[in-house]
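Here the sequence shown stands for residues 1 to 659, numbered as in full-length UniProt numbering.
All C-beta atoms in this analysis are idealised placements derived from N, C-alpha and C, irrespective of residue type, glycine included.
In this text, all values refer to a predicted model and were calculated from it rather than measured experimentally.
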Amino acid sequence: MCGICGFLAGPGSGSGPESGLEATARRMADTIAHRGPDGDGVWADGAAGIALGHRRLAIVELSPLGRQPMVSADGRWVIAYNGEIYNFQDLRAELESAGHRFRGHSDTEVLLEGCAAWGVERTVRRLVGIFAFALWDRRERTLFLVRDHLGVKPLYWARMGGALLFGSQPKALRAHPAFAAQIDRDALSAYLRFSYVPAPHSIYQGVHKLEPGSILTVRPGREPERTVYWDAGDAARAGIADRLALSDADAADALEALLKDAIGRQMMADVPLGAFLSGGIDSSTVVALMQAQSARPVRTFTIGFGEDGYDEAVHARAVAAHLGTEHTELRVDASHALEVIPKLADWYDEPFADSSQIPTLLVSEMTRRSVTVALSGDGGDELFAGYNRYLTAPALWRRMALLPAGLRRGAAGLIRAVRPAGWDALAGLIPEGRRPRQTGDKLHKLAGVLDAAGPDAIYRRLVSQWQDPDMLVRGGREPHGPAWDEGLATGIPDFLERMQHLDSVTYLPDDILAKVDRASMGVSLEARVPLLDHRVVEFAWRVPQAQKLRDGKGKWLLRQVLYRHVPPTLVERPKAGFAIPLDGWLRGPLRDWAEDLLDEERLRREGFLDPAPIRACWAEHLAGTRNNQHRLWNVLMFQDWNRRWGSAAAPAPLAASAA
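Encoded structure:
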């Protein structure tokens, strides 16, 4: 893994000689040095007005022969690349059989020479891996920006001051002298709903995230053109149209073989390697199949909390002991959170409010002390129907549709009449192994969907924090993305599968994968996600729902693979996620920090957010009448980011009607 950046100003742009271009590219690269502490490089062509920058985290081919930016053997192509190509040895052998001779042993060189031999799109379609790269064609003076199938690796781009800027993180773009962006109030509205800024938007006006599975082509004198080489929607529709007809045992055999291949390929590294282990289904499956292919104990890492109901470390410890891994555990309390919070705006670089960012950062820091590469279990929930909403939302809609709207609204009122703490107390009567976590909050969330007009509206409410963010953002008008696409039901008619697809193209890349990328690369750790090998994704869409959801549990087929290696008793428990006791921390050790950021006068002076609903939300939380932790965290993470980076993007003037 690495960090990339650069810009295309074009010939005659007045950017100065190559040394000036190189200096600018180096300043951009220096802002993302944490992504690549093992080396740096720049390349520029003054006549073309192009410069590429690179920061290297050396994983494969540790010698200088892996240094970037790299020029192809024929001198035509130059690449700055971030990622890992797991089938590069196969591609290399094919190129060698055609007469090509390689200088080193890096996947970068294979990717570069593949593009030279086969063309960009044809090569990218053959890749198995995670990647974001910039490729310059010196002959045609054309720039290609490419992002991997699922969006594991990030890539931002913008057109400013006559130049096209790009980089792994926004801070690289901010270092270019042409950068002059304002905060995008529409994107801010979307952020407050989802806890992340959804692609293709960023928090800045005019700065875009390149969408997964895409190639952005920038040709002389033409507008940038985006083409799609792999589409998650196409994969879903193709899988639904061509279901597997395998017995349960044969389906489990097929999935295990595919996962073993994906995981085995991702265990390739010339540096120490380990895995994150929560003790849940996904990470336990990854670790089990790693250990099955390793001659020595796999190194595993987990994090635990002292607060009751949040400690998953005991489960990870049990799985590690059964598999015989070399296990490391970190215990966390509020003091750790206080140490991490000042880093969040720098590490995440955009407003980002998935509170599991804190333990993800902490476990990444701990892991990096021992290894340079860590495999993660992300993606299993989206592929194999693991989220609780996949069970509850369709059942809820089936029942709701039988009731008059007025009756549904009345039921919602009755639920809200009991405080979440009251529902939690009642849930205490349920045996612990069957008791859902945070019952009161979940019931109050249920109340918020009872009057939904249809199943897709239910989904939007379940994934929303602020239900009407435009009322919160002064001058904001939320852009509507895939979750509002009424045409989805034509190709993906099943509501549950539509939720899986929507999560795969929104929540997965823009929340889960962004969180892991920023946390891991913030400490120079490469995180790999074998469940998101695009071949696994395509296979999962062909699996019938009856082999994903069964007996009231999701991830049925994935569980069958895991049970071949780990007893069910070690991993069977209610789904918890990577949660932290944020509600109590905000009322306790984080209260002063939060109060400063939520100060009414401060909010009014900054001019982005309406203080009234925020102060009311804060008062409810402090009084304990509602657990508003997630809505408050959204606001707090924007406020903290704005305090750190707001000077780089002054508020846009509002029209009189918006003021």
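Proximity below 8 Å, CB of residue i to CB of residue j
| i | j | result |
| --- | --- | --- |
| S168 | S364 | no |
| G279 | R474 | no |
| L273 | V371 | yes |
| S524 | H54 | no |
| I281 | W593 | no |
| P297 | T328 | no |
| L150 | F7 | no |
| E140 | V561 | no |
| G162 | A9 | yes |
| A427 | P436 | yes |
| V42 | S106 | no |
| R126 | L91 | yes |
| F305 | P581 | yes |
| L188 | F638 | yes |
| H322 | V566 | yes |
| L450 | R408 | yes |
| F131 | I79 | no |
Nonlocal neighbours in the same chain, by C-beta distance under 7 Å from residue i, ignoring five residues either side
| i | result |
| --- | --- |
| S504 | A232 and E382 |
| W397 | P455, I458 and F495 |
| S657 | Note that S657 has pLDDT 30, beneath the 50 cutoff, so the model's placement of it is unreliable and the number below is only indicative. Correct list: empty, nothing qualifies. |
Range of the contiguous alpha helix (DSSP H) that encloses residue i
| i | result |
| --- | --- |
| V571 | P568 to V571 |
| G264 | D248 to Q266 |
| H322 | A313 to L323 |
| K445 | T439 to A447 |
| G491 | L488 to G491 |
| T392 | N388 to M400 |
| A187 | R185 to F194 |
| M290 | I281 to Q291 |
| D515 | Here residue 515 turns out to be Lys, not Asp, going by the sequence shown. It spans A514 to G522 - the alpha helix (DSSP H) in which K515 sits, taken as one unbroken run. |
| D451 | No alpha helix (DSSP H) contains D451, which DSSP labels as neither H nor E. |
| S504 | F495 to V505 |
| D640 | Q629 to W645 |
| E382 | G380 to F384 |
| residue 707 | In the structure displayed, the chain extends from 1 to 659; residue 707 sits before or after that span and is not available. |
| P351 | P351 -> no alpha helix (DSSP H), and no H or E assigned at all. |
Contact set for residue i: own chain, Cβ-Cβ below 8 Å, skip 5 residues either direction
| i | result |
| --- | --- |
| E497 | A236, I240 and Q545 |
| D517 | V152, K153, P154 and A527 |
| R419 | G440, G624, T625 and R626 |
| R587 | H621, L622 and G624 |
| residue 664 | Since the first residue of the chain shown is 1 and the last is 659, residue 664 is not available in this structure. |
| A292 | K260 and H565 |
First and last residue of the uninterrupted beta strand (DSSP E) at residue i
| i | result |
| --- | --- |
| T328 | E326 to V332 |
| G10 | Run containing G10: none; DSSP gives neither H nor E here. |
| A134 | G129 to D137 |
| V418 | Per DSSP, V418 belongs to no beta strand (DSSP E) and is neither H nor E. |
| G156 | In the sequence under discussion, the amino acid at residue 156 is Tyr, which differs from the Gly named in the question. First-last of the beta strand (DSSP E) with Y156: Y156 to M160. |
| I358 | Careful: I358 lies outside any beta strand (DSSP E), inside the alpha helix (DSSP H) at Q357 to R368. |
| T227 | E225 to V228 |
| G221 | First-last for G221: undefined, no H or E at that position. |
| H208 | V207 to K209 |
| V146 | T142 to R147 |
According to DSSP, residues forming a beta bridge with residue i
| i | result |
| --- | --- |
| C2 | R56 |
| F301 | F276 and T328 |
| A374 | G274 and A527 |
| S214 | V228 |
| G167 | C5 and Y156 |
| V473 | L609 |
| K553 | R550 |
| Y459 | Per DSSP, none; premise fails for Y459. |
Cβ neighbours of residue i in the same chain (closer than 6 Å, five flanking residues each side left out)
| i | result |
| --- | --- |
| C5 | M28, A29, G53, G167 and A172 |
| P653 | Because the pLDDT at P653 is just 40, under 50, the model does not fix this residue reliably, and the point stays unresolved. |
| R604 | P611 |
| R389 | L462 |
| D354 | S195, D511 and K515 |
| V635 | I614 |
| L488 | R498 |
| T227 | I215 |
| S464 | R193 |
| A659 | Model confidence at A659 stands at a pLDDT of 27, short of 50, so the residue's coordinates are unreliable and nothing is read from them. |
| W641 | A345 and P351 |
| G36 | C2, G3, R55, R56 and L57 |
Cβ-heavy atom distance, residue i to the ligand GDP, below 7 Å
| i | result |
| --- | --- |
| R587 | Annotation note on the ligand GDP: not contained in the displayed structure, which lists no ligands. |
Discussion item. Threshold first: 3 residues or longer. Then list the beta strand (DSSP E) segments lying entirely within the stretch 24-106, N to C.
Written reply: 39-45, 50-56 and 77-85
Practice prompt. May I have a chain-ordered list of the alpha helix (DSSP H) segments no shorter than 4 residues that lie completely inside the stretch 570-624?
Written response: 582-587, 591-597, 600-606 and 611-623
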